[in-house]
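Protein chains in written order, with my numbering: chain A, 1 to 416; chain B, 1001 to 1309; chain C, 2001 to 2271; chain D, 3001 to 3125.
Where a beta carbon is used, it is the ideal one built from N, C-alpha and C, also for glycine.
Written out below as structure tokens is the structure these notes cover.
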């Protein structure tokens, strides 16, 4: 094989291989939608898209799905390259930063123009998507933390009711902890542990969100108690080190008394814990009814060429018909009032436990915490959490840890 | 794509030396192009960015050395990550030492050496993400094999939460890294051993030098190039082993396993601070360059793969 | 060669080490075929009622065949490119020419640039080339790798000059000499190139994550990563997936390991 | 002769073996994926039950949802066609004869033809 044929080969290969990208480059009436680790619903989405295309002939829809931790990285590279998907499904508070930086489209005009549609949703959840009086997202599916408890372990420890106060959480945990067993565990990403602080009246920042407010003697006392309880094994260490699989796995192994987690955990736990049924698993509100949401909502990229189409698609996907279908299959609440009613109604018979869990998601929606509209939420989290972790795991004493955290957070706040 | 035209003057009549030069550069061109596109340009991009304030949606503003200033004087995470990185670099020799020992054993012509070599090497080709998953679980506090073994042998009475403890997290990650690199080191060292003429040993044997002396006087000096190569590749492999830490601990607990590469990634993609991340990147690059240079000097210069006419 | 002595201590040590190297494999395999909840303690050493159902789950949980195909295609492209480009570069480096030292230095410093840190610009460049979300875009950054270049350089250095001169006298062109004389003699270097570039492209995680857009272009590592943060209990499936992802690499390695190790050794010492 | 020699090269025979195995497996799948699930329903004392309702539950994300149902024939046998899944459960009930517990069934590939070895046993209460 001589030089020329090698070159030909190379050229040919190059041509064919770069084809797809080039083709995708054109085509104007195209919507691309990026979802957050929910590839399991492909069938449903395909149906929805089909209906949408029927209503809007000539529109093609490109559906992308990325796993949780990877989606932000992906979306950012897309932003930089100016190829951001029209619609993006965002979790937690990550949207605020992009909204503040002008990556996302302000949906308020659309929602005002279509009051009927706006009314479909639970106002408390809806208000979670507002930054500087502008509404940037439409709820896709919602979840907030609750307290799961292992009734078997409660019985063994002579306990009947779920804890009604922070003190009781600690007391119960100590009562249940022995050998392999520990009393309490919590998810810790996205501020999901914050109810523990809030129920002790601790605030992260001053009301104007300009200065840290958490470095107080009270806070130090709380962190200290948590640290001591962790050291003694009353609280499971994984509460402060695990991410998703570890804490849920630990709880579903039946050796942890209580778990503070959002409703999505139920299905993971149910899948793994053979011991779980109506009589053995309890679902209650955390003391003070405080909870931290991790909601999913649809936003529209400002760079979108056809925002109206994009909003139309969001409307279709979150409207009563499809929201109901989605809630039914995925067993989640959507903040779409009708859909959630239907979902709960059907679950009451089919899966009373799931019903009990999801019911908590619609109670006390006014008592949500840990979801501050901060443009630099991620940076504050990265500054705050590792230091708090030092305190909780007894590497530093509570005071020093909080002081260090305060320094770090102040730096972030000063920067922006 | 990539295949540039080697313009060797078959038809055009040129002086041989010129033709050679053209051919050489033509042959180098494609590779150089790739490195230019995916290594050098990105590096320059980082260098420029490190003097600016920029986020994907805001225009870049020149801010001089502010990023570097913050990094050096106002960011303890950077220092933590830096020390951890050093820790990992320092661990490379451990792996190399073990590999050297194994290589010597395998090198002594015993039966089944091929089998041993294969087994020891087999961990290298594995996908790092998978390795990380495997080891995250080997180290697991409750059901990890290591804890299980330690407890059944009554070495410990309480399981050790390796990846969740500030003291153990980094060593655990390092162990996993060594586990993966061991075979690679060994093969390179083995090949080094094979190049050592046996008669040298015989001569030494006649001089009555014992095994240890032979090792110190003959083996080690002649292995320098291989050892250097091990160190450089091993170091680069470990300090850029992003997947491993990303999956095993993602830098935690606290910042216990945060190394520069993971920190750079977090700065960029979690905190959208590409400008600051660029500053760290540049520092990181200079650091690696410096260490490699030192290692080269220590191994008596011009060693290993660097250059050889 | 060292003096012969009792070999059983050596065997003992090596067997112990081998055990350490192999145990993780066994443990993962065991879990992937036994349905037990891995959070139960104590774990059993031998799998209880082994079954392949986790593998079935994986197969249907993601479009495995598609991801697999993508990985294979990308790897194939990368391997071809590596063999060709590295052989060329390696050959060039065997020649003496002005600026050689500089090139060597450049190559070496290129090794020091961590790829994770260059993702954004690399992404932009790939975008400019119009290669986003295409096989070529996925493999381009790995088209040429420094270590492999040195492996080839070493192999070519090993070719006796006399042979080449003889060929020249016979009036063979540079090109023919490379194709007909050098490459055949550098077989082990080629093996090394094939395997290393395969490993690197097959295991590549960060780059595909960023550069692929549509599900149709995803590669296996991305599928693997997806299992890490999945809603349902997928731990067993996760390890099944690990096995399924590792198998091809291991197979190729075991098949070509002899040439591979040779090539690597050559590169390491004569490099 | 040449061919035989080639077969001795592991880069030839390993892929070859793989190919044959895969081809064989696919052939098997292609001929056994009608999604036919059949079995029998008996009552507490093992007598076949006619006219019992059998439910086919299919795994969907985190839960099993009812995909299909049928009634048993005189000999207590039932037969589903077009089962799409690889991870299903079967249960039966009849007004006067009680209900069976859900039997999980794992298949080696989606919509594999399957015959339930142990009949579904209806229990009162």
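Name, please, each residue of chain B whose Cβ falls closer than 7 Å to the Cβ of residue i.
i: residue 382 of chain A; result: 1266, 1270, 1271
i: residue 378 of chain A; result: 1270, 1271
i: residue 237 of chain A; result: 1161, 1164
Using a C-beta to C-beta distance shorter than 9 Å, which residues of chain C count as neighbours of residue i?
i: residue 3086 of chain D; result: 2053, 2056, 2057, 2059, 2060
i: residue 1249 of chain B; result: Under the 9 Å cutoff, chain C gives no residues; its nearest Cβ is about 13 Å from residue 1249 of chain B.
i: residue 3019 of chain D; result: In chain order: nothing, as chain C lies at least about 13 Å away.
Comparing alpha-carbon positions, which option in the options lies nearest residue i?
i: residue 3052 of chain D; options: D:3021, D:3064, D:3004, D:3073; result: D:3073
i: residue 1086 of chain B; options: B:1057, B:1016, B:1261; result: B:1261
i: residue 2028 of chain C; options: C:2011, C:2006, C:2055; result: C:2055
i: residue 373 of chain A; options: A:336, A:325, A:96; result: A:96
i: residue 120 of chain A; options: A:335, A:381, A:265; result: A:335
i: residue 393 of chain A; options: A:224, A:59, A:413, A:414; result: A:224
i: residue 2119 of chain C; options: A:311, A:73, A:110; result: A:73
i: residue 1162 of chain B; options: B:1110, B:1201, B:1144; result: B:1144
i: residue 2088 of chain C; options: C:2115, C:2145, C:2205, C:2114; result: C:2145
i: residue 370 of chain A; options: A:355, A:386, A:322, A:293; result: A:293
i: residue 418 of chain A; options: A:364, A:251, A:367, A:299; result: Since the first and last residues shown for chain A are 1 and 416, residue 418 of chain A lies out of range.
Mind pulling the chain A residues with CB within less than 9 Å of residue i?
i: residue 2048 of chain C; result: What residue 2048 of chain C touches in chain A: nothing, since even the nearest Cβ is about 14 Å away.
i: residue 1064 of chain B; result: Simply none; closest approach about 16 Å.
I'd like the list of long-range same chain contacts for residue i, defined as Cβ closer than 8 Å, with 5 residues on each side in sequence excluded.
i: residue 1080 of chain B; result: 1255, 1258
i: residue 1060 of chain B; result: 1049, 1052, 1053, 1054, 1275
i: residue 23 of chain A; result: Note on residue 23 of chain A: pLDDT 44, under 50, position unreliable in the model; the coordinate value appears next. No residues qualify anywhere along the chain.
In terms of residues, what are the limits of the alpha helix (DSSP H) holding residue i?
i: residue 109 of chain A; result: 108 to 113
i: residue 1296 of chain B; result: 1274 to 1298
i: residue 352 of chain A; result: 352 to 359
i: residue 145 of chain A; result: No alpha helix (DSSP H) contains residue 145 of chain A, which is instead part of the beta strand (DSSP E) from 145 to 150.
i: residue 305 of chain A; result: From DSSP, residue 305 of chain A is part of no alpha helix (DSSP H); its letter is neither H nor E.
i: residue 2055 of chain C; result: 2053 to 2061
Quick check on the DSSP output: the beta strand (DSSP E) that includes residue i runs from which residue to which?
i: residue 1054 of chain B; result: 1052 to 1055
i: residue 3048 of chain D; result: Where residue 3048 of chain D is concerned, there is no enclosing beta strand (DSSP E), given that its DSSP letter is neither H nor E.
i: residue 1161 of chain B; result: Here residue 1161 of chain B belongs to no beta strand (DSSP E), and DSSP marks it neither H nor E.
i: residue 139 of chain A; result: 138 to 141
Cutting at 6 Å between CB atoms, please list the residues of its own chain near residue i, excluding the five before and the five after it.
i: residue 3077 of chain D; result: 3040
i: residue 383 of chain A; result: 408, 409, 412
i: residue 324 of chain A; result: 339, 342
i: residue 1293 of chain B; result: none
Name the chain C residues whose beta carbon is nearer than 8 Å to that of residue i?
i: residue 3014 of chain D; result: 2251, 2255
i: residue 3106 of chain D; result: 2051, 2053, 2056
i: residue 3010 of chain D; result: 2255
i: residue 3005 of chain D; result: Those do not exist, as residue 3005 of chain D stays about 18 Å from chain C at its closest Cβ, beyond 8 Å.
i: residue 74 of chain A; result: 2209, 2210
Residues in the same chain with beta-carbon distance under 7 Å from residue i, minus the five sequence neighbours each way, listed in chain order, please.
i: residue 1116 of chain B; result: 1106
i: residue 1295 of chain B; result: 1228, 1231, 1232
i: residue 389 of chain A; result: 240
i: residue 1047 of chain B; result: 1282
i: residue 1309 of chain B; result: Unreliable positioning characterises residue 1309 of chain B in this predicted model, as indicated by a pLDDT of 31, which lies under 50. The coordinate reading is nonetheless provided below. Correct list: empty, nothing qualifies.
i: residue 1139 of chain B; result: 1146, 1162, 1163, 1172
i: residue 2116 of chain C; result: 2206
Going along chain B, which residues have a C-beta under 8 Å from residue i?
i: residue 2182 of chain C; result: The premise fails here: residue 2182 of chain C is roughly 12 Å from chain B at the closest Cβ pair, so nothing lies under 8 Å.
i: residue 2221 of chain C; result: 1127, 1129
i: residue 80 of chain A; result: 1056
Give me the chain A residues within the contact set of residue i, using Cβ-Cβ distance strictly less than 8 Å, ordered along the chain.
i: residue 1255 of chain B; result: 386
Taking 7 Å as the cut-off, is the C-beta of residue i nearer than that to any heavy atom in the ligand MN?
i: residue 1191 of chain B; result: Among the components of this structure there are no ligands whatsoever, and the ligand MN is therefore not found.
* **Completely contained alpha helix (DSSP H) runs for the region 27 to 76 of chain A, where each covers 4 or more residues** => 42 to 55
* To do: List in chain order: all unbroken alpha helix (DSSP H) runs of 4+ residues lying wholly within the region 1188 to 1236 of chain B.
  => 1198 to 1206, 1211 to 1214
* Unbroken beta strand (DSSP E) runs of length 3 or more, entirely within the region 186 to 271 of chain A: which are they? -> 256 to 262
* What are the uninterrupted segments assigned as beta strand (DSSP E) that are 3 or more residues long and contained completely in the region 309 to 382 of chain A, given in chain order? -> none
* To do: Ignoring anything shorter than 4 residues or poking outside the region 1062 to 1138 of chain B, list the alpha helix (DSSP H) runs there in chain order.
  => 1066 to 1074, 1076 to 1107, 1113 to 1121, 1128 to 1138
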